[in-house]
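Colleague:
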Amino acid sequence: MGSVDAAIAVPVPAAEEKAVEEKAVVFRSKLPDIEIDSSMALHTYCFGKMGEVAERACLVDGLTGASYTYAEVESLSRRAASGLRAMGVGKGDVVMSLLRNCPEFAFTFLGAARLGAATTTANPFYTPHEVHRQAEAAGARLIVTEACAVEKVREFAAERGIPVVTVDGRFDGCVEFAELIAAEELEADADIHPDDVVALPYSSGTTGLPKGVMLTHRSLITSVAQQVDGENPNLYFRKDDVVLCLLPLFHIYSLNSVLLAGLRAGSTIVIMRKFDLGALVDLVRRYVITIAPFVPPIVVEIAKSPRVTAGDLASIRMVMSGAAPMGKELQDAFMAKIPNAVLGQGYGMTEAGPVLAMCLAFAKEPYPVKSGSCGTVVRNAELKIVDPDTGAALGRNQPGEICIRGEQIMKGAPHTAPAVDLSSHFFAVAAVGCIALVFAKYGHLSFEFEASLSHAISATSQPSCGHATPLTPSWRLRRPRRTATWANVVLVRACTATRGPAWLGYRLVTWTKFPVGPSTLAAKNPFGPCG
């Protein structure tokens, strides 16, 4: 949701740091912490239930019908690792995945992880300039892409000696993915440290160019475990669940909470390349989908479509929504179409690993939740709210700056390593991005957490559209326009006790209030017109 320009260490005397910690009102999950073994490699963790699910369907390509068992996915990831190594990829290198959702995305990501390499994910519909900029900034050693994006990278890669692998056909100067995985299985994984970077997503740099976010094996294991592990998982995926993977895997929400969480739980993951309402209904019926991760624009389409009836989606038992807020009115309209499902929201940012909070209605032993809430802070993490001007910790029911602490937090940004250990000091991090929320009534901004950060907002004042999703249907107002507020989100502080992971916080600045109209928003809203 944001991006990091630089990290600036701000050491604080131990006595002052201790005083800050003692005064802080720290919020934790209603669920107890669990033991998380983050010392292993991410792929080892994800295949932890292999003995139970080896012959179960793991990945299903919704377009072609191709199905891969867990044993086959594990084997193909080893073959991909061997093929990548033969093409020069090794520990510490970066592979660019310029792909829509497809099984090859998973094989590439897991194969690179086995080598100790990182994967930087990019949208294949970026402009050539955007792709080139990210590939250069990330230091991509190899690019895996598809037919729709080959021409964007072929000349660029040839000039720099970067191999290009294509998943859906043969192109001059490129290697077919089938050749890559024709190699013998990798016999032994690289020697991987928990703090080695495994994912390098580029977060939305709406206050500047997108920046890389270094997520380690430890970061992602911790984040996935916070969701799906333990006797009472916050996100209860079962081995007999069928999870719809519609949201783009090049975004951290889908990569983390759909692919990696689904693998860890031993569920079947049905992959859909792009959103089409008719195709979605067909896949739900054909594969008896039980878990549906969505975003508000998709929820709007389902809620408003006369083609979708309650019977069409009757198998779905859980609907996760994230990436943008969703108000009570929309939730109620949507639930009329999926009456058997539990609907809830989560909240996160790429730099935080990414999940900060999640609805407890998803738990194995669920808690009641308020409509419109994004839930409580995840387990094995701490959250506090501070005054954005003074830095003083705030109590319940007070809006302010959100700070999070936990091992899921990013390692940092490439080429901006801090001068001190971030786990031991306060530090400030520069611009993280821009968030735009449009309200139907109030001209102010707030986040809502169950029993944490909350604000008395009536149903009529719920957000009408989301954030960090430029130029999508979520930016189209569904209510009378009155006022709008948009603000830059700036990561400003991280603080810890003497030991332990860093706090990661951000604040809302640069407030602007103005009457809403198409011409006004086109001029002032960096995401484009809302009308």
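Residue 105 in numbering that gives the first Met the number 0 sits at position 106 of the sequence shown, with consecutive numbering throughout. Glycine included, C-beta positions come from ideal geometry on N, C-alpha and C.
1. Reducing DSSP to helix, strand and coil, say where E328 ends up.
2. Which residue from F124, V88, P127 puts its Cα closest to that of F108?
3. Is the distance from the Cβ of A65 to the Cβ of F106 below 9 Å?
4. Where does R169 fall in DSSP's three states?
5. Going by Cα to Cα distance, which pick from E300, P193, R306, V287 is closest to M409?
6. A362 and Y235 look like a contact to me (Cβ under 8 Å); what is the Cβ gap, rounded to whole Å?
7. Tell me whether D331 is buried or exposed, calling it buried when 16 or more other Cβ atoms sit within 10 Å of its Cβ.
8. Would you mind reading off the limits of the alpha helix (DSSP H) that contains D60?
9. Do G321 and P296 have their beta-carbon atoms positioned less than 9 Å apart in this structure?
10. Counting C-beta neighbours from all protein chains within 10 Å, is the total for D195 16 or more, i.e. buried, or is it exposed?
11. Identify, in the order they occur along the chain, each residue of the same chain with its Cβ nearer than 6 Å to the Cβ of A335, setting aside the five sequence neighbours on each side.
12. Output the residue ranges of the alpha helix (DSSP H) runs that lie fully inside the segment 259 to 330 and measure 4 residues or longer, sorted by chain position.
13. So the candidates are A181, I270, C402, G265; which of them puts its Cα closest to the Cα of S76?
14. Can you tell me whether G168 is buried or exposed? The criterion is at least 16 other CB atoms within 10 Å of its CB, across all chains shown.
15. Which residue from L258, K273, P324 puts its Cα closest to that of S266?
16. Who pairs with F26 in a beta bridge, going by DSSP?
17. According to DSSP, is Y201 helix, strand or coil?
18. Among M49, N255, P200, E183, which has the Cα closest to the Cα of Q133?
19. With DSSP run on the structure shown, which of helix, strand or coil describes T68?
20. For K151, write down the residues that DSSP places opposite it in a beta bridge.
21. Measure the Cβ-Cβ separation of R285 and D311 and say whether it is below 9 Å.
22. Look at the alpha carbon of L98 and the alpha carbon of L248, and state the distance between them as a whole number of angstroms.
23. Measure the C-alpha to C-alpha separation of E300 and L245 and round it to an integer number of angstroms.
24. For H42, count neighbouring C-beta atoms within 10 Å of its own C-beta (all shown protein chains included) and say buried if the count is 16 or more, exposed if not.
25. Determine, using beta carbons only, whether S37 and T221 come nearer to each other than 9 Å.
26. So which of A323, F333, K327 has the shortest CA-CA distance to K303?
27. The beta strand (DSSP E) spanning T95 covers which residue range?
28. Quick check on the burial criterion: 16 or more other C-beta atoms within 10 angstroms. Buried or exposed for R140?
29. Which residues mark the beginning and the end of the beta strand (DSSP E) in which T120 is found?
30. What does DSSP give as the partner residue(s) for L41 in the beta ladder?
31. Just tell me which of K29, M317, I161 has its CA closest to the CA of R237.
32. In whole angstroms, what is the alpha-carbon distance linking A187 and E73?
33. Considering only C-alpha positions, which residue in the set R272, F46, V223, A112 is nearest to A189?
34. For a test of the three-state rule: what should DSSP assign to T107, helix, strand or coil?
35. How would you call T119, buried or exposed, if buried means at least 16 neighbouring beta carbons within 10 angstroms?
36. Under 9 Å between the Cβ atoms of E145 and C101?
Modeller: Answer, in terms of the structure:
1. The count along the sequence shown starts at 1 and reaches residue 328 at position 329. Reduced to three states, the DSSP call for E328 is helix.
2. Position 109 of the sequence shown holds residue 108. The shortest Cα separation from F108 among F124, V88, P127 belongs to V88.
3. For the purposes of this step, residue 65 is identified with residue 66 of the sequence shown, where counting begins at 1. For the purposes of this step, residue 106 is identified with residue 107 of the sequence shown, where counting begins at 1. No, Cβ-Cβ distance for A65 and F106 is not below 9 Å.
4. Counting from one through the sequence shown, the residue named residue 169 turns up at place 170. R169: coil per DSSP, three-state reduction.
5. For the purposes of this step, residue 409 is identified with residue 410 of the sequence shown, where counting begins at 1. Per the Cα distances, P193.
6. Locating residue 362 in the sequence shown gives position 363, where the first residue counts as 1. Locating residue 235 in the sequence shown gives position 236, where the first residue counts as 1. So it is a contact: roughly 6 Å between Cβ atoms.
7. Locating residue 331 in the sequence shown gives position 332, counting from the first residue. That one is exposed.
8. Within the sequence shown, residue 60 is the residue found at index 61, counting from 1. Note, D60: premise wrong, no alpha helix (DSSP H); beta strand (DSSP E) at 56 to 60.
9. Reading the sequence shown from its first residue, position 297 is the one you call residue 296. Reading the sequence shown from its first residue, position 322 is the one you call residue 321. Contact flag unset, no.
10. Your numbering for residue 195 matches position 196 in the sequence shown. It is buried - the Cβ of D195 has at least 16 other Cβ atoms within 10 Å.
11. Position 336 of the sequence shown, counting from 1, holds the residue named residue 335. Closer than 6 Å at Cβ, skipping near neighbours: no residue.
12. 260 to 264, 276 to 286, 295 to 303
13. Counting from one through the sequence shown, the residue named residue 76 turns up at place 77. Out of A181, I270, C402, G265, A181 has the C-alpha closest to the C-alpha of S76.
14. In the sequence shown, counting from the first residue as 1, residue 168 sits at position 169. With fewer than 16 other Cβ atoms within 10 Å, it is exposed.
15. Position 267 of the sequence shown holds residue 266. Looking at the Cα atoms, L258 is the closest of the given residues.
16. Here residue 26 refers to the residue found at position 27 of the sequence shown. F26 is bridged to L382.
17. Position 202 of the sequence shown, counted from the start, is the residue given in the question as residue 201. Reduced to three states, the DSSP call for Y201 is strand.
18. As a first step, residue 133 is located in the sequence shown; it is residue number 134 there, counting from the start. Minimum Cα distance to Q133 is reached at P200.
19. On the sequence shown, position 69 is the one that residue 68 refers to. In this structure, T68 counts as strand in the three-state DSSP scheme.
20. As a first step, residue 151 must be located in the sequence shown, where it is residue number 152. None, per the DSSP bridge assignment.
21. Your numbering for residue 285 matches position 286 in the sequence shown. Your numbering for residue 311 matches position 312 in the sequence shown. Against a cut-off of 9 Å, the Cβ pair of D311 and R285 comes out as no contact.
22. Numbered from 1 along the sequence shown, position 99 holds the residue referred to as residue 98. Numbered from 1 along the sequence shown, position 249 holds the residue referred to as residue 248. The alpha-carbon atoms of L98 and L248 are separated by roughly 8 Å.
23. The sequence position of residue 300 within the sequence shown is 301, counting from 1. The sequence position of residue 245 within the sequence shown is 246, counting from 1. Their Cα atoms are separated by approximately 14 Å.
24. For the purposes of this step, residue 42 is taken as the residue at position 43 of the sequence shown. Buried.
25. The count along the sequence shown starts at 1 and reaches residue 37 at position 38. The count along the sequence shown starts at 1 and reaches residue 221 at position 222. Yes; because the gap between Cβ atoms is below 9 Å, this pair is in contact.
26. Here residue 303 corresponds to residue number 304 of the sequence shown, with the count starting at 1. Per the Cα distances, F333.
27. Locating residue 95 in the sequence shown gives position 96, where the first residue counts as 1. Strictly speaking, residue 95 in this sequence is Met, with Thr absent from that position. Looking at the DSSP string, the run of the beta strand (DSSP E) that includes M95 is 93 to 97.
28. Translated into the one-based positions of the sequence shown, residue 140 becomes position 141. When all chains shown are included, R140 counts as buried.
29. As a working note, residue 120 is residue 121 in the sequence shown. From DSSP, the beta strand (DSSP E) with T120 extends over 117 to 120.
30. Reading the sequence shown from its first residue, position 42 is the one you call residue 41. Paired residues: none, contrary to the question.
31. Taking the first residue of the sequence shown as 1, we reach residue 237 at position 238. The shortest Cα separation from R237 among K29, M317, I161 belongs to M317.
32. Looking up residue 187 in the sequence shown gives position 188. Looking up residue 73 in the sequence shown gives position 74. The straight-line gap from Cα to Cα measures roughly 13 Å.
33. Indexing the sequence shown from 1 puts residue 189 at position 190. Among R272, F46, V223, A112, the Cα nearest to that of A189 belongs to A112.
34. Taking the first residue of the sequence shown as 1, we reach residue 107 at position 108. It is helical.
35. In the sequence shown, the residue the question calls residue 119 occupies position 120. Buried.
36. As a first step, residue 145 must be located in the sequence shown, where it is residue number 146. As a first step, residue 101 must be located in the sequence shown, where it is residue number 102. Cβ atoms of E145 and C101: closer than 9 Å.
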